[in-house]
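Asks:
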DNA sequence: TTCATATATTCAAATAATCAAATAATCGAA
DNA sequence: TTCGATTATTTGATTATTTGAATATATGAA
């Protein structure tokens, strides 16, 4: 039987993965790869509702993925630990293999020339 | 604005992460690190209800993380792509740093000597 | 001040995920 | 066959997550 400590760890890890289990949150992180961005810049870039965006930014901030800097009336978000991108990219590699195996729709996603992450 | 292809990719990736965003599913994967295991062995090891376990095995299988082999009346599950463990471990490293930064409860989890994943 | 802009928070509704009990399906042994 | 063991599926109840509209808050400019 699993001991308590181990399952506590699994609970924490699950929280970590859950934070990444949302399209908009992934899009936000990708959007912050090169530079910090203001909320309105993200809104423009991602085409999300203001309140929705703000809420998902809150999730990512709570879980420690991003942090905020205030400048006048704007708030700029940036990635706390750039290593998450290595992690996300490794995730992509693995999940691409899964898709390939299931003979899936990767072609459409991967596209040609397009630098898609 | 994000184009459709990119957001489709984010949706797929989110599904991938979401599959990992559950304590029992993580425990299952960890349990399958070294060897395949039957459902009843997992049930014993993880202390989960039979139906709950079977359901979560189904999620992991659907998403392509594990696959099944039938032997008599037992079903043995194994990890499809062992590289997911490198991925999970990298995830752990990153999320540990997040915890440390937030001054958190990692000590208790990490324990001494105990090989916790 | 007051106003406009940017962001966060609250709220309610809709949807999705989780759980465990009950039932079904499968298989080997008697 | 029938029985027992193993696993999967269905079901209903519960809880969690997501969404956008509405409202609140903060800040700088006039």
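Protein chains in written order, with the numbering used here: chain H, 1 to 117; chain C, 1001 to 1117.
Ideal Cβ positions, reconstructed from N, Cα and C, are used throughout, including at glycine.
Computed from a predicted model, the values in this text were never measured in an experiment.
#1: Thinking C-alpha only, which one of H:100, H:96 and H:101 is nearest residue 1017 of chain C?
#2: Do we get a CB-CB distance below 7 angstroms when we pair residue 1042 of chain C with the residues of chain H?
#3: What residue from H:92, H:1, H:74 and H:88 has the CA that sits closest to residue 39 of chain H's CA?
#4: When you check each C-beta in the region 1042-1063 of chain C against every C-beta of chain H, which residues fall closer than 8 angstroms?
#5: Could you tell me whether any non-hydrogen atom of the ligand ATP is closer than 6 angstroms to the CB of residue 74 of chain H?
#6: Just how far apart, CA to CA, sit residue 1026 of chain C and residue 66 of chain H?
#7: Using the DSSP secondary-structure output, state which residues sit across from residue 84 of chain H in a beta bridge.
#8: Residue range of the alpha helix (DSSP H) that residue 1052 of chain C falls in?
#9: For residue 1015 of chain C, which residues of its own chain have a beta-carbon under 8 angstroms away from its beta-carbon, when the five flanking residues on both sides are left out?
#10: Taking a Cβ distance cut-off of 9 angstroms, strictly less, list which residues of the region 1077-1100 of chain C are near chain H, in chain order.
#11: Answer yes if the region 81-96 of chain H comes into contact with the region 43-55 of chain H, meaning at least three C-beta pairs across the two stretches below 8 angstroms, and no otherwise.
#12: Rounded to the nearest angstrom, how far is the Cβ of residue 32 of chain H from that of residue 78 of chain H, given a contact under 8 angstroms?
#13: Taking all protein chains shown into account, do 16 or more other C-beta atoms lie within 10 angstroms of the C-beta of residue 56 of chain H, making it buried, or fewer, making it exposed?
#14: Counting only the same chain and skipping the five closest in sequence on each side, list residues whose C-beta sits under 7 angstroms from that of residue 61 of chain H.
#15: Go ahead and label residue 1113 of chain C buried or exposed: buried means 16 or more other beta carbons lie within 10 angstroms of its beta carbon, across all protein chains shown.
#16: Nearest chain C C-beta to residue 21 of chain H closer than 7 angstroms, yes or no?
#17: Compute the beta-carbon to beta-carbon distance between residue 88 of chain H and residue 42 of chain H, rounded to the nearest angstrom, for a pair I have assumed lies under 8 angstroms.
#18: Among H:99, H:76, H:98 and H:52, which has the Cα closest to the Cα of residue 36 of chain H?
#19: Answer with yes or no whether the minimum CB distance from residue 1029 of chain C to chain H is below 7 angstroms.
#20: Under DSSP, the beta strand (DSSP E) around residue 1078 of chain C begins and ends at which residues?
#21: Whole angstroms is fine: what's the gap from residue 93 of chain H's alpha carbon to residue 1013 of chain C's?
#22: Does the CB of residue 32 of chain H have a neighbour CB from chain C at under 7 angstroms?
#23: Leaving out the 5 sequence neighbours to the left and right, which residues in its chain are closer than 8 angstroms to residue 54 of chain H when beta-carbon positions are compared?
Replies: Per the coordinate set shown:
#1: Numbered from its first residue, the second chain carries residue 1017 of chain C at position 17. Answer by Cα proximity: H:96.
#2: Position 42 of the second chain, counted from the start, is the residue given in the question as residue 1042 of chain C. Residue 1042 of chain C does not count as touching chain H.
#3: Stepping through the first chain from its first residue, residue 39 of chain H is reached at position 39. That would be H:74, whose Cα lies nearest to the Cα of residue 39 of chain H.
#4: 1044, 1045, 1046, 1047 and 1063
#5: This structure lacks the ligand ATP, and indeed carries no ligand of any kind.
#6: One-based indexing of the second chain puts residue 1026 of chain C at position 26. One-based indexing of the first chain puts residue 66 of chain H at position 66. Roughly 24 angstroms between the two C-alpha positions.
#7: Walking along the first chain from the start, residue 84 of chain H turns up at place 84. The beta-bridge partner set that DSSP reports for residue 84 of chain H is empty.
#8: If you number the second chain from 1, residue 1052 of chain C lands on position 52. Looking at the DSSP string, the run of the alpha helix (DSSP H) that includes residue 1052 of chain C is 1050-1062.
#9: What you label residue 1015 of chain C is simply residue 15 of the second chain in a count that begins at 1. These residues qualify, in order along the chain: 1063.
#10: 1080, 1081, 1083, 1084, 1086, 1087, 1088, 1090, 1091, 1092, 1093, 1094, 1095, 1097, 1098 and 1099
#11: Verdict: no, contact absent.
#12: In the first chain, the residue the question calls residue 32 of chain H occupies position 32. In the first chain, the residue the question calls residue 78 of chain H occupies position 78. Correct: roughly 6 angstroms between the Cβ atoms.
#13: Indexing the first chain from 1 puts residue 56 of chain H at position 56. Under this definition residue 56 of chain H is a buried residue.
#14: For the purposes of this step, residue 61 of chain H is identified with residue 61 of the first chain, where counting begins at 1. The answer, listed in chain order, is 67 and 68.
#15: Mapped onto the second chain, residue 1113 of chain C falls at position 113. Confidence in residue 1113 of chain C is poor, its pLDDT being 42 and thus under 50, which makes the residue's placement too unreliable to answer from.
#16: If you number the first chain from 1, residue 21 of chain H lands on position 21. Yes, residue 21 of chain H counts as interfacial toward chain C.
#17: Along the first chain, read from residue 1 onward, the residue named residue 88 of chain H stands at position 88. Along the first chain, read from residue 1 onward, the residue named residue 42 of chain H stands at position 42. Residue 88 of chain H to residue 42 of chain H, Cβ: 17 angstroms. No contact.
#18: Your numbering for residue 36 of chain H matches position 36 in the first chain. Here the closest residue by C-alpha is H:76.
#19: Locating residue 1029 of chain C in the second chain gives position 29, where the first residue counts as 1. Not closer than 7 angstroms to any Cβ of chain H, the Cβ of residue 1029 of chain C fails to qualify, so no.
#20: As a working note, residue 1078 of chain C is residue 78 in the second chain. That run of the beta strand (DSSP E) goes 1074-1079.
#21: Taking the first residue of the first chain as 1, we reach residue 93 of chain H at position 93. Taking the first residue of the second chain as 1, we reach residue 1013 of chain C at position 13. So the alpha carbons of these two residues sit roughly 10 angstroms apart.
#22: Here residue 32 of chain H is taken as the residue at index 32 of the first chain, counted from 1. Not an interface residue.
#23: What you label residue 54 of chain H is simply residue 54 of the first chain in a count that begins at 1. Excluding sequence neighbours, residue 54 of chain H sits near 39.
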